[in-house]
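Participant: Sequence order for the protein chains is A and B.
Those letters in the first sequence? Residues 1 to 245, per the working numbering, in order.
Those letters in the second sequence? Residues 1 to 252, per the working numbering, in order.
Glycine residues also receive a C-beta, built at the ideal position from the N, C-alpha and C atoms.
Computed from a predicted model, the values in this text were never measured in an experiment.
Here it is: the structure, laid out below.
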Amino acid sequence: MIRSLIIDDEPLARSIVKEYLQQQNEIEVLQECNDGYEGVKAIMQHKPHLIFLDIQMPKINGFEMLELLDEKPSVIFTTAFDEFAIKAFETHAVDYLLKPFTRERFQKALEKFYSQAPVQKKNTEELLQSSTQLSTQTERVVVKTAGKIKIIPIPEILFLEAADDYVKIHTKEGSFLKNKTMSFFENTLPQEQFVRTHRSYILNVQEITRIDPYEKENHLAVLRSGARIPVSKNGYGKLREVLGL
Amino acid sequence: MILIKEASEYERFFSESTPVRFAIGFLVIGCMSLISVLWYTIHDQQEIEKRKSEAEKLSREAELYKLRQQLQPHFLFNSLNSINALIGSQPHKARNMIQQLSDFLRGTLKKEENQWISLDEELQHLNLYLEIEKVRFGHRLSTEISDQTTGLKMQLPAMLLQPVVENAIKFGLYDTTGDITICINASKQDGHLVLQVKNPFDPETTSPKKGTGFGLSSVQRRLYLLFARNDLLQTAIDKELFITTIKIPQQK
Numbered sequence: 001m002i003r004s005l006i007i008d009d010e011p012l013a014r015s016i017v018k019e020y021l022q023q024q025n026e027i028e029v030l031q032e033c034n035d036g037y038e039g040v041k042a043i044m045q046h047k048p049h050l051i052f053l054d055i056q057m058p059k060i061n062g063f064e065m066l067e068l069l070d071e072k073p074s075v076i077f078t079t080a081f082d083e084f085a086i087k088a089f090e091t092h093a094v095d096y097l098l099k100p101f102t103r104e105r106f107q108k109a110l111e112k113f114y115s116q117a118p119v120q121k122k123n124t125e126e127l128l129q130s131s132t133q134l135s136t137q138t139e140r141v142v143v144k145t146a147g148k149i150k151i152i153p154i155p156e157i158l159f160l161e162a163a164d165d166y167v168k169i170h171t172k173e174g175s176f177l178k179n180k181t182m183s184f185f186e187n188t189l190p191q192e193q194f195v196r197t198h199r200s201y202i203l204n205v206q207e208i209t210r211i212d213p214y215e216k217e218n219h220l221a222v223l224r225s226g227a228r229i230p231v232s233k234n235g236y237g238k239l240r241e242v243l244g245l
Numbered sequence: 001m002i003l004i005k006e007a008s009e010y011e012r013f014f015s016e017s018t019p020v021r022f023a024i025g026f027l028v029i030g031c032m033s034l035i036s037v038l039w040y041t042i043h044d045q046q047e048i049e050k051r052k053s054e055a056e057k058l059s060r061e062a063e064l065y066k067l068r069q070q071l072q073p074h075f076l077f078n079s080l081n082s083i084n085a086l087i088g089s090q091p092h093k094a095r096n097m098i099q100q101l102s103d104f105l106r107g108t109l110k111k112e113e114n115q116w117i118s119l120d121e122e123l124q125h126l127n128l129y130l131e132i133e134k135v136r137f138g139h140r141l142s143t144e145i146s147d148q149t150t151g152l153k154m155q156l157p158a159m160l161l162q163p164v165v166e167n168a169i170k171f172g173l174y175d176t177t178g179d180i181t182i183c184i185n186a187s188k189q190d191g192h193l194v195l196q197v198k199n200p201f202d203p204e205t206t207s208p209k210k211g212t213g214f215g216l217s218s219v220q221r222r223l224y225l226l227f228a229r230n231d232l233l234q235t236a237i238d239k240e241l242f243i244t245t246i247k248i249p250q251q252k
């Protein structure tokens with residue numbers, strides 16, 4: 001039996017998926033979720049093989065929800081997003097269904113799932129890597145902390161620190177781990193505000209109070225919070241450029 | 001002696017050369033003014049040219065925005081999806097919604113910018129829009145529309161209130177999870193039609209300053225183009241309510 005979830009904020013949109021699934025004896029719907037928060041909880045609880053996921057939802061959108069999961073199920077997007085915007089993800093998701101969709105089209109998506117099931121996990125990872133192009137993602141970062149979901153607006157980030165496979169996001173309210181790479185943040189954060197000053201550090205230039213020389217050609221940036229961030233020779237050049245020194 | 005002699009000669013020269021000096025002075029002033037007139041004309045021309053191209057660019061953008069605004073693909077496709085779901089389970093509701101959607105689209109296509117319409121007509125049109133949203137989110141959307149100007153024949157430019165209400169739906173309905181109420185109130189104050197739209201928002205995901213998104217800045221811009229005033233659109237936050245107020249001067 002294939003376990004599945006339907007995540008969409010419109011009851012009627014969920015009911016059409018459910019209706020189409022009724023003919024599928026091998027797929028069961030474990031739960032319907034109203035938003036991304038419920039989705040995360042239900043996925044961790046049920047560990048489904050397949051989810052039907054809307055993109056535009058309250059609280060956190062479909063992409064942000066996927067980012068929070070350690071083990072990612074296969075995804076079929078159901079969305080009214082225009083085709084243009086969703087094209088980028090075509091190769092990574094099992095399939096995407098543009099609302100409204102027919103039973104035949106739905107069936108085709110399921111067949112794709114059956115035929116590609118083993119490679120799906122990797123694809124969902126790739127999907128999230130490429131989701132950086134989505135402009136809506138650059139206003140905030142969504143993290144999970146002690147079972148709760150936290151939304152960090154970009155301007156509230158003080159600095160980022162590499163931590164093994166994670167990146168530690170430092171804010172006034174504490175620090176949070178996100179399973180992304182430093183280069184991901186380097187490429188997606190607004191470049192006029194965030195500078196990678198060191199292999200392991202990216203800092204918010206608006207937080208800098210002063211920059212002190214430190215050992216050889218290195219420097220230390222002192223932030224308003226008192227944190228001292230290493231600045232390499234290369235990073236110092238980038239920093240001067242952004243600050244217009 | 002020599003000095004005086006030279007001085008008188010100089011005086012003579014001075015008086016005899018007066019016309020010539022005047023002529024030279026005049027020429028210099030003439031040239032100066034000519035140059036400055038030319039310079040200012042060129043400058044003005046450049047300014048006009050710049051304004052013209054800017055205005056053209058703006059109107060092109062407005063045209064595009066209007067098209068997008070009218071079509072609202074997201075709203076349209078989601079509504080069609082709801083109809084698709086209703087056909088299976090509640091066909092009579094599906095028919096009803098097709099009718100509402102058609103009436104709404106027809107009303108939208110009929111509207112032209114810069115055209116004034118009656119408040120009654122605008123509220124009816126908005127009501128259609130809200131009824132459709134109620135089918136999609138019926139379990140959690142309720143609306144309160146009150147009009148204290150009945151019989152006063154109030155008028156407003158087309159496509160002005162609609163984006164305000166759409167903005168309220170976006171932040172108040174699409175981006176929230178609980179039961180919500182959207183209030184629209186129309187009243188008359190000092191010869192102005194005052195329209196107030198109230199919607200809740202999710203403080204966790206929406207920072208209030210984001211509330212004056214593109215939807216509202218375009219309303220602000222239109223009010224300025226129509227009335228040359230910047231004080232006709234106001235937004236306020238009252239606890240978890242976002243309040244948008246627009247004032248529309250009435251034509252005589």
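Shortest alpha-carbon distance to Q124 (chain B) belongs to which of B:Q100, B:A23, B:S142?
Facilitator: Here the question's residue 124 (chain B) lines up with position 124 in the second sequence. Checked all of B:Q100, B:A23, B:S142; the closest Cα to Q124 (chain B) is B:Q100.
Participant: When we look at the beta-carbon of S82 (chain B) and count the other beta-carbons within 10 Å, is it buried (16 or more) or exposed?
Facilitator: Your numbering for residue 82 (chain B) matches position 82 in the second sequence. Per the 10 Å Cβ criterion, buried.
Participant: Taking D35 (chain A) as the query, report the chain B residues whose CB atoms sit under 7 Å from its CB, ordered along the chain.
Facilitator: Translated into positions along the first sequence, residue 35 (chain A) becomes position 35. Ordered by position in chain B, the residues that pass the 7 Å Cβ test against D35 (chain A) are T177.
Participant: Taking 8 Å as the CB-CB cut-off, is R95 (chain B) touching chain A?
Facilitator: Position 95 of the second sequence, counting from 1, holds the residue named residue 95 (chain B). Cβ-Cβ to chain A under 8 Å: no for R95 (chain B).
Participant: Would you tell me roughly how many angstroms separate the C-alpha atoms of F201 (chain B) and L161 (chain B), rounded to the nearest one?
Facilitator: Numbered from its first residue, the second sequence carries residue 201 (chain B) at position 201. Numbered from its first residue, the second sequence carries residue 161 (chain B) at position 161. Each residue's alpha carbon lies about 19 Å from the other.
Participant: What number of angstroms, rounded off, separates the C-alpha of E64 (chain A) from the C-alpha of I117 (chain B)?
Facilitator: Your numbering for residue 64 (chain A) matches position 64 in the first sequence. Your numbering for residue 117 (chain B) matches position 117 in the second sequence. Those two C-alpha atoms are separated by around 43 Å.
Participant: I'd like to know if F242 (chain B) contacts chain A, where contact means its C-beta is closer than 8 Å to some C-beta of that chain.
Facilitator: Position 242 of the second sequence, counted from the start, is the residue given in the question as residue 242 (chain B). So, not an interface residue.
Participant: Within a Cβ cutoff of 8 Å, which residues of the same chain sit near K210 (chain B), ignoring the five residues on either side of it in sequence?
Facilitator: As a first step, residue 210 (chain B) must be located in the second sequence, where it is residue number 210. Any reading at K210 (chain B) must be qualified, since the residue scores a pLDDT of 49, below 50, and its modelled position is unreliable; no value is offered.
Participant: L126 (chain B) and K134 (chain B): beta carbons closer than 8 Å?
Facilitator: Here residue 126 (chain B) refers to the residue found at position 126 of the second sequence. Here residue 134 (chain B) refers to the residue found at position 134 of the second sequence. Against a cut-off of 8 Å, the Cβ pair of K134 (chain B) and L126 (chain B) comes out as no contact.
Participant: Rounded to the nearest angstrom, what separates Q133 (chain A) and H92 (chain B) at their Cα positions?
Facilitator: Translated into positions along the first sequence, residue 133 (chain A) becomes position 133. Translated into positions along the second sequence, residue 92 (chain B) becomes position 92. Note that Q133 (chain A) scores a pLDDT of 49, beneath 50, so its modelled location is shaky; the value from the coordinates is reported in the next line. Distance between the alpha carbons of Q133 (chain A) and H92 (chain B): 42 Å.
Participant: How big is the Cα-Cα spacing for G138 (chain B) and T188 (chain A)?
Facilitator: Stepping through the second sequence from its first residue, residue 138 (chain B) is reached at position 138. Stepping through the first sequence from its first residue, residue 188 (chain A) is reached at position 188. Note on geometry: alpha-carbon atoms of G138 (chain B) and T188 (chain A) lie some 38 Å from one another.
Participant: Could you tell me which residues DSSP puts in a beta bridge with P230 (chain A)?
Facilitator: Within the first sequence, the letter at position 230 stands for residue 230 (chain A). Residue pairing for P230 (chain A): DSSP places it in a beta bridge opposite A:L220.
Participant: Apply the 10 Å Cβ neighbour rule to N204 (chain A) and answer buried if 16 or more other Cβ atoms are within range, or exposed otherwise.
Facilitator: Translated into the one-based positions of the first sequence, residue 204 (chain A) becomes position 204. Burial of N204 (chain A) is indicated by the presence of at least 16 other C-beta atoms within 10 angstroms of its C-beta.
Participant: For the pair the region 227-239 of chain A and the region 193-203 of chain A, tell me if three or more CB-CB distances fall below 8 Å.
Facilitator: yes
Participant: Is I16 (chain A) close to chain B? Criterion is C-beta to C-beta, closer than 8 Å.
Facilitator: Residue mapping note: residue 16 (chain A) aligns to position 16 of the first sequence, counting from 1. Yes - at least one Cβ of chain B is within 8 Å of the one on I16 (chain A).
Participant: Which word fits V20 (chain B), buried or exposed, when buried means at least 16 other C-beta atoms lie within 10 angstroms of its C-beta?
Facilitator: In the second sequence, counting from the first residue as 1, residue 20 (chain B) sits at position 20. It counts as exposed.
Participant: Assess, as a yes-or-no matter, whether the region 231-251 of chain B is touched by the region 183-200 of chain B under the definition of 3 or more beta carbon pairs within less than 8 Å.
Facilitator: yes
Participant: Should G88 (chain B) be flagged as near chain A, meaning a C-beta pair shorter than 8 Å?
Facilitator: Working through the second sequence from its first residue, we reach residue 88 (chain B) at position 88. Among the CB atoms of chain A, one or more fall inside 8 Å of the CB of G88 (chain B).
Participant: Kindly say whether H92 (chain B), judged by its beta-carbon, lies nearer than 8 Å to any beta-carbon of chain A.
Facilitator: The residue labelled residue 92 (chain B) in the question sits at position 92 within the second sequence. H92 (chain B) does not count as touching chain A.
Participant: Just the chain B side, please: which residues come within less than 8 Å of L12 (chain A) by C-beta, in chain order?
Facilitator: Working through the first sequence from its first residue, we reach residue 12 (chain A) at position 12. Neighbours of L12 (chain A) on chain B, chain order: N81, S82, A85, L86, V135, R136.
Participant: Which residues in chain A sit within 7 Å of T205 (chain B), going by Cβ to Cβ distance?
Facilitator: For the purposes of this step, residue 205 (chain B) is identified with residue 205 of the second sequence, where counting begins at 1. Those within 7 Å of T205 (chain B) in chain A are K59, I151.
Participant: Look at the alpha carbon of G36 (chain A) and the alpha carbon of K148 (chain A), and state the distance between them as a whole number of angstroms.
Facilitator: Here residue 36 (chain A) corresponds to residue number 36 of the first sequence, with the count starting at 1. Here residue 148 (chain A) corresponds to residue number 148 of the first sequence, with the count starting at 1. Here the alpha carbons of K148 (chain A) and G36 (chain A) stand approximately 12 Å from one another.
Participant: When the cut-off is 8 Å and only beta carbons count, does F77 (chain B) lie next to chain A?
Facilitator: To locate residue 77 (chain B), count along the second sequence from 1; it is residue 77. F77 (chain B) counts as touching chain A.
Participant: Thinking just about the alpha-carbon of each residue, which of A:L53, A:P73, A:L68, A:K59 is nearest to the one in Y96 (chain A)?
Facilitator: Within the first sequence, numbered from 1, the residue matching residue 96 (chain A) stands at position 96. Of the listed residues, the one whose Cα sits closest to Y96 (chain A) is A:L53.
Participant: So P100 (chain A) contacts chain B; which residues on that side make the cut at Cβ distance below 8 Å?
Facilitator: As a working note, residue 100 (chain A) is residue 100 in the first sequence. Going along chain B in sequence order, the residues near P100 (chain A) (Cβ under 8 Å) are F77, L80, N81, I83, N84.
Participant: Let's test the definition: count the other Cβ atoms within 10 Å of the Cβ of T79 (chain A) and tell me whether it reaches 16, buried, or not, exposed.
Facilitator: Locating residue 79 (chain A) in the first sequence gives position 79, counting from the first residue. Buried, because 16 or more other Cβ atoms sit within 10 Å of the Cβ of T79 (chain A).
Participant: Return the CA-CA distance between T41 (chain B) and I29 (chain B), expressed in angstroms with no decimal places.
Facilitator: What you label residue 41 (chain B) is simply residue 41 of the second sequence in a count that begins at 1. What you label residue 29 (chain B) is simply residue 29 of the second sequence in a count that begins at 1. Going by the C-alpha atoms only, they are around 18 Å apart.
Participant: For the beta strand (DSSP E) holding R229 (chain B), just list the boundary residues, first then last.
Facilitator: Position 229 of the second sequence, counted from the first residue, corresponds to residue 229 (chain B). Element bounds for R229 (chain B): n/a, residue is neither H nor E.
Participant: Identify which residue in B:T176, B:M97, B:E47, B:E122 has its Cα closest to the Cα of M154 (chain B).
Facilitator: For the purposes of this step, residue 154 (chain B) is taken as residue 154 along the second sequence, with counting starting at 1. That would be B:E122, whose Cα lies nearest to the Cα of M154 (chain B).
Participant: Can you give me the Cβ contacts of E61 (chain B) inside the same chain, cut-off strictly under 7 Å, excluding the 5 residues immediately before and after it?
Facilitator: As a first step, residue 61 (chain B) is located in the second sequence; it is residue number 61 there, counting from the start. For E61 (chain B), where only same-chain residues beyond five positions count, there are no Cβ hits under 7 Å.
Participant: Pop quiz: N185 (chain B) and L216 (chain B) are said to be a contact at Cβ under 8 Å. What is the actual Cβ separation, rounded to whole angstroms?
Facilitator: For the purposes of this step, residue 185 (chain B) is identified with residue 185 of the second sequence, where counting begins at 1. For the purposes of this step, residue 216 (chain B) is identified with residue 216 of the second sequence, where counting begins at 1. So it is not a contact: roughly 18 Å between Cβ atoms.
Participant: Where does the unbroken beta strand (DSSP E) through N185 (chain B) begin, and where does it stop?
Facilitator: Against the second sequence, residue 185 (chain B) aligns to sequence position 185. Where N185 (chain B) is concerned, the enclosing beta strand (DSSP E) stretches over 180-189.
Participant: Residues of chain B with CB under 8 Å from E19 (chain A), in chain order?
Facilitator: Against the first sequence, residue 19 (chain A) aligns to sequence position 19. Ordered by position in chain B, the residues that pass the 8 Å Cβ test against E19 (chain A) are A85, G88, S89.
Participant: Can F104 (chain B) and L80 (chain B) be called in contact, C-beta distance under 8 Å?
Facilitator: Here residue 104 (chain B) refers to the residue found at position 104 when the second sequence is read from its first residue. Here residue 80 (chain B) refers to the residue found at position 80 when the second sequence is read from its first residue. No.
Participant: The beta strand (DSSP E) that contains I70 (chain A), what's its start and end?
Facilitator: Your numbering for residue 70 (chain A) matches position 70 in the first sequence. Note that residue 70 (chain A) corresponds to Asp in the displayed sequence, not to Ile. It is not in any beta strand (DSSP E) - D70 (chain A) carries neither H nor E in the DSSP assignment.
Participant: By the three-class DSSP mapping on this structure, what secondary structure does L134 (chain A) have?
Facilitator: Counted from its first residue, the first sequence places residue 134 (chain A) at position 134. Only weak support is given to the placement of L134 (chain A): the predicted model assigns it a pLDDT of 49, under 50, and the question is left unresolved by the model.
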